[in-house]
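**Q**
Listed below in C-alpha cells is the structure:
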C-alpha cells in the first residue's frame, strides 16, 4: 500500500522565548493561538492517523520569515518530516538567504501572498526583484508553493512559463469558484493552468468543502479535475491544525470525498505526488 503523506500541516512552538512570534503583515493568525501544535504533537497525531510522512509548511502568520522552528522541528524526525519555509524573495540577498536555509534543512519554499490575516496581494508574484530567488529554486530543484486566489492566477501562469524547471504548488488549489456546478465555467481560468506541466495542486479540506458548495458535487468536480491536471499533479494536505479536526478525521473525510475517483488516482493524491515533489519523503 502507498504510504500516506501529508503535504500541508503546520507546527507552532510552545517556547516563545526561543521561537518568538513575528507574524507576516503584523497580525498573528487566530488558529495559531487557539490550536498551536508542536512538532511532537504533530508526530503523535500522524501516528494515530496512520500518516507516514509530511512536508511541514512554515507558519508565516506566526513567524514571518524566520524558519527556525520548522527546520529545527523537522530535524528531530528526519525520517518522517521535511521542512518548507518562507523567504522574502524581494530582498536583494534572497538567493543567499535561500541557500542558507537549505543548508539548515529546507527542501522547498512558500510564497504567502495573503489569506487568513490579509487579502491576497499578487504584486510580489510579478515583481522582477523576485526572479533571482526563482532562479535559485530552479538550480536547487526547490518546489515553490504559492498561497493566492483567483486574483493571482495570471501571475502564476506567467511564473510557470518563465520558470518551467520550478515545480509550482498551489496551496488550496487557489480556491476556484465551484458553486455553479458542472461544467464549472466560473473556474475556467483555473483550469487553464492544466496546460502548464510544472503547476501542481494541493488538495486540502477547503477544496473538499468547495466541491460540496452550491451546485458542485465531488462526483462531478474531482473526475474533471483529474482529467484536466492528472492525479500525478495533485497532492493531499491536511491543513492541520488550521482546519479543525484531527489529521485522522481530516484524512478520512477527504478519503470519503474521493471515493468517486480510482484507487490509483487516490494513491497519487495521498502519497506518490508528494514523494515526487519532495524526494526526501520517498
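Numbering (my numbering), first residue to last: 742 to 1023.
Cβ atoms here follow ideal geometry from the backbone N, Cα and C, with glycine treated the same way.
Owing to the predicted nature of the structure, the values given are computational and were not obtained by experimental measurement.
Go through the segment 857 to 888 residue by residue and report every complete run of the alpha helix (DSSP H) that reaches 4 residues or more, in order.
**A** 864 to 867, 872 to 881
**Q** Which class does residue 956 belong to by DSSP, given the choice of helix, strand or coil?
**A** coil
**Q** So, with DSSP's three-state summary, where would you put residue 828?
**A** DSSP places residue 828 outside both helix and strand once states are collapsed to three, so it counts as coil.
**Q** Hey, quick one: how far does the beta strand (DSSP E) through residue 941 stretch, first residue to last?
**A** Where residue 941 is concerned, the enclosing beta strand (DSSP E) stretches over 940 to 944.
**Q** Based on DSSP bridge pairs, tell me the residues matched to residue 849.
**A** 825
**Q** Within 8 Å, do at least three Cβ pairs link the segment 968 to 975 to the segment 928 to 945?
**A** yes
**Q** Return the first residue and the last residue of the alpha helix (DSSP H) that residue 772 is part of.
**A** 771 to 775
**Q** Would residue 887 pass as a contact of residue 911 if the rule is Cβ separation under 7 Å?
**A** yes
**Q** My assumption, with CB atoms under 8 Å, is that residue 934 sits in contact with residue 897. Please give the rounded CB distance.
**A** 7 Å
**Q** Determine the burial state of residue 749: buried for a count of at least 16 other Cβ atoms within 10 Å of its Cβ, exposed for fewer.
**A** So residue 749 ends up on the buried side.
**Q** According to DSSP, what are the bridge partners of residue 911?
**A** Residue 911 is bridged to 887, 942.
**Q** Spatial neighbours of residue 795 within its chain, please: C-beta separation below 6 Å, excluding the five flanking residues on both sides.
**A** 747, 750, 822
**Q** Are there 16 or more other CB atoms within 10 angstroms of the CB of residue 906, so buried, or fewer, so exposed?
**A** exposed
**Q** Starting from residue 794, follow its DSSP beta bridges and name the residues at the other end.
**A** 746
**Q** Check for me: the beta strand (DSSP E) holding residue 935 runs from which residue to which?
**A** Here residue 935 belongs to no beta strand (DSSP E), and DSSP marks it neither H nor E.
**Q** In this structure, how does DSSP classify residue 919 when only helix, strand and coil are distinguished?
**A** coil
**Q** Evaluate residue 1006 with the Cβ neighbour count: other Cβ atoms within 10 Å of its Cβ, from every protein chain shown; 16 or more gives buried, anything less gives exposed.
**A** The residue in question, residue 1006, is buried, as its Cβ has 16 or more Cβ neighbours within 10 Å.
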